[in-house]
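Read through the structure below, which is laid out as structure tokens, and then see the notes.
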Amino acid sequence: MTDDFIASYCCYLTSKPFTFQTPITLKRRDFMGLTGLAAGGLLLPSVPSLGGMLVDPEQLLEVMDPALKKRLADAALNAAKAAGASYADVRIGRYLNQYVFTREKQVQNITSTESLGAGVRALVNGAWGFASTNIVTEAGIAAAASSAVAIAKANQKVQKQPVQLAPQRGYGEVSWKTPIEKNAFEVPVKEKVELLLAANAKALENGANYINSALFQVNEQKYFASTDGSYIDQDVHRIWPTFTVTAIDKATGKFRSREAMSAAMGLGYEYLTPRASEKIAGPAGTTVVGYRQRYDILADAAQAAKHAKEKLTAKSVVPGKYDLVLDPAHLGLTIHESVGHPTELDRVLGYEANFAGTSFATLDWKAKNIPYGSKQVNIVADKLQPGSLGAVGYDDEGVKTKEWDLIKEGKLVNYQKIRDQAHMVGQQESDGCCYSQSWQDVQFQRMPNVSLKPGNAKLSVDEMISKVDKGIFISGAGSYSIDQQRYNFQFGGQVFYAIEKGKITNMIEDVAYQANTQEFWNSCAGSCDQSNYQLMGTFFDGKGQPSQSSAVSHGSSTTRFNGVNVINTARKIG
Amino acid sequence: MAILSKDESQAILKKVLSFSTADECEATLSGSNGGNVRSARNAISTSGAVDNVSLGVEARFGKRSGVATCNEFDDATLRRCVQRAEEIARLAPESPEYMPLLGPQTYVAAPKSFAAATAGITPDFRATQIGKTMKICDEKKVTSAAFLNDEAGFVAKRNNKGLEAYQQYSNVEFSITVRTPDGTGSGYATADFIDAAAFDAGKLTLTAAEKAANSRNAKAIEPGKYTVILEPAALVANSDASLMAALMGALDARNADEGRSFLSKKGGGNRKGEKLFDERVTIYSDPANAEIASLTFAGDGRPQKKMTWIEKGVVKNLYTSQFWAKKAGIPDIPRPGGWIMEGGTQSVQDMIKGTAKGILVTRLWYIRPVDPQTLLYTGLTRDGTFYIENGKIKHPVKNFRFNESPIIMLNNLEAIGKPVRVNGNLVPPLKIRDFTFTSLSDAV
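Residue numbers (the numbering used here), protein chains in the order written: chain A, 595 to 1168; chain B, 21 to 464.
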């Protein structure tokens, strides 16, 4: 589908932001989005949560002086304290985005945006208040601080239990920057367009009928200050090259697509310079290639065209129980939905009940010590992994980031929590996973990177497959759906290969697997070693009402799950 | 200042155009006032307010186009915004799909798209409404999580070819999930309106609370093909993809002509004119409909008119970009705002009475495409799923995962009820035979 090529994954959410967006209620934001993107008579849908004012690309290279930011921050903190806040924090943010969209031989859209403003959070008598402003002057920001205090005082009247904030030491003046090699905004737009068009050409040369490609680039320049005595200047970079290739068999009317095997990453433009050592060959008998910290869009586009064509005539799967061998580009999404979301403490406690739902992994459930998965399942949360989307020095409430265990040898040992949640499970400190999508939204608990640890013993994908009698190898993330308490899920993929008697035989199609989270993770029979480890990531993890998007990565090595129920998704329509 | 009058906004737009040196220039001014409040565990969790006006300027030189935006309206800022759009346009590549800006257009009137009561919503109104839900749930000893969101605003357009448009709109939307303290029952209700005067959070809370109480201790029954009654909120969602929105989102002519749509024809072309659904299926859009009045012009200025999409099961029209309409030589019809599926007079209760065996579905959730070739979607039932026998609800049943296509669903039509507004559309409850549930879920 023309516009339906940006996959997005979520707590529930931001489904294909494009085609399946309901074009219904009148929302100014959507309308402006359409207007802005209607250039040249094309009607492209808007991209969620990457808003801001449209600017000249040159403006994306500007930075704000930290001394000025400190002065502004102090104005906010002083105003909040003077008005009666026991604690306050301020985030002065410049959120910069550029996206380039192309299809086949033409550019569809190039957009550069900037959003500048500040959000102030104040705690008064145990109640939170939040206010934001785009007037970034000492007076403007102090006014926002005063309204945050006023809102806190109003909320305090209906508050049943006071907020308890885990103690946090101030860090003084510190800074952190994503360790990028090349700022994507320093690369001329022309060069980016040429790269996407070259990838499109590769796909068309290799038999694709259509290709839509896009490059998303993000820079969050965030300054955080709090009454704890922290002044934290951070420069966060992210990039996401992606495409969808479609092949059509005109005679039968059949069409099949294959999406890019890239990941959204916490890297600079260097991600787009291929490096042989960062390619991971898929199993023998497939033409799958995985990508670690560097991506080869030209090679992947060519391969995607071949895959899409092959899918047109691939055998339809026979439904039944199979041993699944899932590659990291696929498994990341399953981890996201079946481990990442159920272990968010606010979901567990019911704060998201009216939206994405709650969780089976309640405090009572955890106390029963029921295995979440088999002994081979070790899952960690972190905001540190180089190249990951979660990697930052400090979170959006000034807590230094870390790594911690969620599942250890199959048992749930911990949740994800922030400063005002830590006490709910008797913890003395925040995990450092608080995030807001912009200066104008309030920060709250968001999923850190959640990753499955690779196996300790040396094990290659081919060795793993050699032990599988009847199985399916799945690569890439496809269709995804899970219930509101994270029990029952169904996942598709990009490419599927049958495994018979220890060997890959042929490509198959129409595959989706359905399982229960606990049964699935208890059927885990181990992962390949570190050499196979890879991140998958998304920009569009949605949570909250109004919904906010967050970027998150999930690492894993190729992993085997035994006896999983596979369905055939082919249907006949009139 | 968020809701500018027609004269105020056109005055700004005229000034913007007067600063332009481009071959073509179009300016869009839009703004809104609104706010939201969210609760969980019977307490307010977050609240916020929005008040913003912004201007988008598109400048074109030949086939090159540039867009810039601003949200201040003094002469200097407007001038800079126009200049920036022109600078970006000069650097842009030529668009092979260039279409000239539209000249003067005639739009139908839709005065009902805006209600003063919605524009006048205050933080007190929001707190009172959400307070009502919390009070009811405290009394009933159940837990609620709810969200109220309102917005009132305007959109104005003008270009140097003579196009001029202005309209005001408003919308208020509410949803609530009520759970029983033992965690075995959950119920949901949602509604949206143009006019806040029609909105009552208390009434919706009672519906959700009743569903929660009645859905306690659900029994598991085998997955398989069942006759279902899908309530309107199971067909269209406020905050998720949905089966009917998936269908209406797939009526794009270009995708069909390019061979990548369920409407693509073997050997080329599209299936417009073919009967693909039960003959009782008729879907049209009408921006002037009082209950779902919407913008009478599209983002690019094309008029939104009353339009039939599916009539008696036959695909009558597909929407398209201006470029594709010209290239393919087909009618130039923009994608609609809200749409209306014709129905009958039966309520959900009437439909239950007429059902020997079946399942009542309050809502479907986490709905995602599985195969675009057939519009196969998957997702789950949620917040109130009940077994019906001999015209009565017998007992709650555990939630199911479905794998179903709206195309197949609208061929297995048993009965159509009375349409109600959901997310800006008018959607009837539907009774469908052989709806495919593929597995059970333990989720409540």
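All C-beta atoms in this analysis are idealised placements derived from N, C-alpha and C, irrespective of residue type, glycine included.
Check: For SER38 of chain B, which of helix, strand or coil comes out of DSSP?
Finding: As a working note, residue 38 of chain B is residue 18 in the second sequence. Of the three classes helix, strand and coil, the one that applies to SER38 of chain B here is helix, per DSSP.
Check: Straight-line CA distance for GLU732 of chain A to ASP958 of chain A?
Finding: In the first sequence, residue 732 of chain A corresponds to position 138, counting from 1. In the first sequence, residue 958 of chain A corresponds to position 364, counting from 1. Distance between the alpha carbons of GLU732 of chain A and ASP958 of chain A is about 48 angstroms.
Check: Helix, strand or coil for SER1125 of chain A per DSSP?
Finding: Taking the first residue of the first sequence as 1, we reach residue 1125 of chain A at position 531. Of the three classes helix, strand and coil, the one that applies to SER1125 of chain A here is helix, per DSSP.
Note to self: I'd like the ranges of any beta strand (DSSP E) spanning at least 3 consecutive residues and lying wholly in the region 41-67 of chain B.
What the structure shows: 44-60
Margin query: According to DSSP, simplified to helix, strand and coil, what is ARG274 of chain B?
Written below: Mapped onto the second sequence, residue 274 of chain B falls at position 254. DSSP places ARG274 of chain B in helix when its eight states are reduced to three.
Note to self: Check whether the region 1101-1118 of chain A and the region 889-896 of chain A touch, using three or more Cβ-Cβ pairs below 8 angstroms as the test.
What the structure shows: no
Next item on the list: Mind checking which residues open and close the beta strand (DSSP E) that includes ASP391 of chain B?
Entry: Stepping through the second sequence from its first residue, residue 391 of chain B is reached at position 371. Residues 384-391.
Next item on the list: Flag LEU654 of chain A as yes if its beta-carbon sits less than 8 angstroms from any beta-carbon of chain B, otherwise no.
Entry: Taking the first residue of the first sequence as 1, we reach residue 654 of chain A at position 60. Cβ-Cβ to chain B under 8 angstroms: no for LEU654 of chain A.
Check: Can you list the residues of chain B that LYS962 of chain A reaches, using a CB-CB cut of under 9 angstroms?
Finding: On the first sequence, residue 962 of chain A is found 368 positions in, with the first residue counted as 1. Going along chain B, no residue has its Cβ under 9 angstroms from LYS962 of chain A, so there is no contact; the nearest lies around 14 angstroms.
Next item on the list: State buried or exposed for ILE618 of chain A, treating a residue as buried only when at least 16 other CB atoms are found within 10 Å of its CB.
Entry: On the first sequence, position 24 is the one that residue 618 of chain A refers to. Any reading at ILE618 of chain A needs caution, since the residue's pLDDT is 24, under 50, leaving its predicted position unreliable; the model's value is listed next. Burial call: buried.
Note to self: I'd like to know whether the C-beta atoms of ASP1014 of chain A and LEU759 of chain A end up nearer to each other than 8 angstroms.
What the structure shows: Numbered from its first residue, the first sequence carries residue 1014 of chain A at position 420. Numbered from its first residue, the first sequence carries residue 759 of chain A at position 165. Yes, Cβ-Cβ distance for ASP1014 of chain A and LEU759 of chain A is below 8 angstroms.
Note to self: Quick test of the definition: if touching needs 3 or more C-beta pairs under 8 angstroms, does the region 448-458 of chain B touch the region 214-230 of chain B?
What the structure shows: no
Checklist line | Distance between GLU78 of chain B and ALA772 of chain A (C-alpha atoms, nearest Å) | finding: The residue you call residue 772 of chain A lines up with position 178 of the first sequence. The residue you call residue 78 of chain B lines up with position 58 of the second sequence. The amino acid at residue 772 of chain A is misidentified as Ala; the sequence shows Thr. Going from the Cα of THR772 of chain A to the Cα of GLU78 of chain B covers about 35 angstroms.
Notebook entry, point to check: Which first and last residues belong to the alpha helix (DSSP H) in which CYS101 of chain B is found?
Noted result: Within the second sequence, residue 101 of chain B is the residue found at index 81, counting from 1. CYS101 of chain B -> alpha helix (DSSP H) spans 95-111.
Margin query: At the 8 angstroms Cβ level, is ILE64 of chain B part of the contact set with chain A, yes or no?
Written below: The residue you call residue 64 of chain B lines up with position 44 of the second sequence. Yes, its Cβ sits closer than 8 angstroms to a Cβ of chain A.
Item checked: Those runs of the beta strand (DSSP E) which lie wholly inside the region 296-324 of chain B and span at least 3 residues -> 303-305
Margin query: Quick check: the Cα distance between ALA841 of chain A and SER824 of chain A, rounded to an integer number of angstroms?
Written below: In the first sequence, counting from the first residue as 1, residue 841 of chain A sits at position 247. In the first sequence, counting from the first residue as 1, residue 824 of chain A sits at position 230. ALA841 of chain A and SER824 of chain A: Cα-Cα distance of roughly 54 angstroms.
Check: In chain order, what residues of the same chain have a beta carbon less than 6 angstroms from the beta carbon of GLN753 of chain A, not counting five sequence neighbours either side?
Finding: Taking the first sequence and counting its residues from 1, the one referred to as residue 753 of chain A is at position 159. So the list reads ALA721, once near-sequence residues are dropped.
Next item on the list: Apply the 10 Å Cβ neighbour rule to GLU814 of chain A and answer buried if 16 or more other Cβ atoms are within range, or exposed otherwise.
Entry: For the purposes of this step, residue 814 of chain A is taken as the residue at position 220 of the first sequence. Result: buried.
Check: For ARG850 of chain A, which beta-bridge partners are listed by DSSP?
Finding: To locate residue 850 of chain A, count along the first sequence from 1; it is residue 256. A:ALA841, per the DSSP bridge assignment.
Margin query: With H, G and I counted as helix, E and B as strand and the rest as coil, what does DSSP make of GLY634 of chain A?
Written below: Within the first sequence, residue 634 of chain A is the residue found at index 40, counting from 1. Summary for GLY634 of chain A: the model assigns pLDDT 26, below 50, so the residue's position carries little reliability, and this model does not support an answer.
Next item on the list: Can you give me the Cβ contacts of GLN1124 of chain A inside the same chain, cut-off strictly under 8 angstroms, excluding the 5 residues immediately before and after it?
Entry: Reading the first sequence from its first residue, position 530 is the one you call residue 1124 of chain A. Counting only Cβ-Cβ distances below 8 angstroms, and skipping sequence neighbours, we find PRO1048, SER1151.
Checklist line | Check whether ARG421 of chain B and ASN1082 of chain A have beta carbons under 8 angstroms apart | finding: Start at 1 with the first residue of the second sequence, and residue 421 of chain B comes out as number 401. Start at 1 with the first residue of the first sequence, and residue 1082 of chain A comes out as number 488. Yes, the Cβ-Cβ distance between ARG421 of chain B and ASN1082 of chain A is below 8 angstroms.
Checklist line | Reduced DSSP category for SER1030 of chain A - H, G, I as helix; E, B as strand; rest coil | finding: Here the question's residue 1030 of chain A lines up with position 436 in the first sequence. SER1030 of chain A: coil per DSSP, three-state reduction.
Notebook entry, point to check: Between which two residues does the alpha helix (DSSP H) harbouring MET1101 of chain A extend?
Noted result: Residue numbering aside, residue 1101 of chain A sits at position 507 when the first sequence is read from its first letter. Premise fails: MET1101 of chain A lies in the beta strand (DSSP E), 1097-1103, not in any alpha helix (DSSP H).
Item checked: Distance between GLY289 of chain B and GLU278 of chain B (C-alpha atoms, nearest Å) -> By one-based count along the second sequence, residue 278 of chain B stands at place 258. By one-based count along the second sequence, residue 289 of chain B stands at place 269. Approximately 8 angstroms, taken between the alpha carbons.
Margin query: I need the boundaries of the alpha helix (DSSP H) containing ARG941 of chain A, first residue and last residue.
Written below: As a first step, residue 941 of chain A must be located in the first sequence, where it is residue number 347. 939-943 is the span of the alpha helix (DSSP H), which, as asked, contains ARG941 of chain A.
Note to self: Taking the beta strand (DSSP E) that ILE704 of chain A belongs to, which residues open and close that run?
What the structure shows: In the first sequence, the residue the question calls residue 704 of chain A occupies position 110. Element bounds for ILE704 of chain A: 700-718.
Next item on the list: Check whether the Cβ of TYR386 of chain B lies closer than 8 angstroms to any Cβ atom in chain A.
Entry: Working through the second sequence from its first residue, we reach residue 386 of chain B at position 366. Yes, contact with chain A.
Margin query: Is the beta carbon of ALA792 of chain A closer than 8 angstroms to that of ALA736 of chain A?
Written below: Residue numbering aside, residue 736 of chain A sits at position 142 when the first sequence is read from its first letter. Residue numbering aside, residue 792 of chain A sits at position 198 when the first sequence is read from its first letter. Against a cut-off of 8 angstroms, the Cβ pair of ALA792 of chain A and ALA736 of chain A comes out as no contact.
Margin query: Closer than 8 angstroms is the cut-off here; do at least three beta carbon pairs connect the region 59-73 of chain B with the region 137-151 of chain B?
Written below: yes
Check: Whole-angstrom Cβ separation of TYR246 of chain B and ILE379 of chain B, contact assumed at under 8 angstroms?
Finding: Here residue 246 of chain B is taken as the residue at index 226 of the second sequence, counted from 1. Here residue 379 of chain B is taken as the residue at index 359 of the second sequence, counted from 1. The Cβ separation is near 5 angstroms, so the contact holds.
Item checked: chain A within 8 angstroms of CYS157 of chain B, Cβ atoms only -> Looking up residue 157 of chain B in the second sequence gives position 137. False, the Cβ-Cβ gap to chain A never drops below 8 angstroms.
Margin query: Between THR89 of chain B and GLY76 of chain B, how many whole angstroms is the CB-CB distance? I'm expecting something under 8 angstroms.
Written below: Here residue 89 of chain B corresponds to residue number 69 of the second sequence, with the count starting at 1. Here residue 76 of chain B corresponds to residue number 56 of the second sequence, with the count starting at 1. That belief holds up - the Cβ atoms of THR89 of chain B and GLY76 of chain B are roughly 5 angstroms apart, short of 8 angstroms.
Next item on the list: Please determine, among A:ASP917, A:SER856, A:GLN828, A:GLN1010, the residue with the shortest C-alpha to C-alpha distance to ILE1098 of chain A.
Entry: Translated into positions along the first sequence, residue 1098 of chain A becomes position 504. Here the closest residue by C-alpha is A:ASP917.
Note to self: To the nearest angstrom, how far is the alpha carbon of SER367 of chain B from that of ILE436 of chain B?
What the structure shows: Here residue 367 of chain B is taken as the residue at index 347 of the second sequence, counted from 1. Here residue 436 of chain B is taken as the residue at index 416 of the second sequence, counted from 1. Cα to Cα, the separation comes out at about 9 angstroms.
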